[in-house]
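Working notes, beginning with the structure itself.
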Amino acid sequence: RRRIASSTAAVAPASPPGGGGDRADKVVWIETTNVQVLLAALEMGLTTTALFSRRNAPLAKKWNKVGRFTALQVGDHGVILAASDGGSTAAIGILCAVEGPE
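Here the sequence shown is numbered in our numbering, starting from 1002 and rising by one per residue.
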């Protein structure tokens, strides 16, 4: 099982909206085990999506009181999963390391 070295990581969706390279077209999701990081990201309007490993999935429910955000699960090999209405999950992205500002 893959471990994420950083407590906070930015990832991109499998198919970025608009497909363009403009900064406005970029989507930021965060992964953190620190509620203050999530709160700051929500307050700044940086993101409305947070990633949780299976081990940290209970944090998503606990932190739901902090603000409105979509909780996604990071599965095996960094695959990002979203719950569907029927209770199943669908792969919607993949976790990748960020080496620089772009």
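Glycine is no exception: its CB is placed at the ideal position from the N, C-alpha and C atoms.
First and last residue of the uninterrupted beta strand (DSSP E) at residue i
i            : result
residue 1098 : Element bounds for residue 1098: n/a, residue is neither H nor E.
residue 1073 : 1071-1075
residue 1047 : That residue, residue 1047, is in no beta strand (DSSP E); it is neither H nor E in DSSP.
Cβ-based burial, residue i [other Cβ within 10 Å; buried from 16]
i            : result
residue 1032 : buried
residue 1094 : buried
residue 1039 : buried
Sequence-distant residues of the same chain with beta carbon closer than 8 Å to residue i, five excluded per side
i            : result
residue 1053 : 1032, 1060, 1061, 1072, 1073, 1074, 1075
residue 1082 : 1073, 1074, 1075, 1076, 1090, 1091, 1092, 1093
residue 1057 : 1034
Cβ shell of residue i (< 7 Å), same chain only, five flanking positions each side left out
i            : result
residue 1048 : 1029, 1030, 1031, 1042
residue 1050 : 1030, 1070, 1071, 1073
residue 1064 : 1036, 1039
residue 1080 : 1092, 1095
Alpha helix (DSSP H) segment containing residue i, residue limits
i            : result
residue 1027 : Looking at the DSSP string, residue 1027 is not in any alpha helix (DSSP H), and its letter there is neither H nor E.
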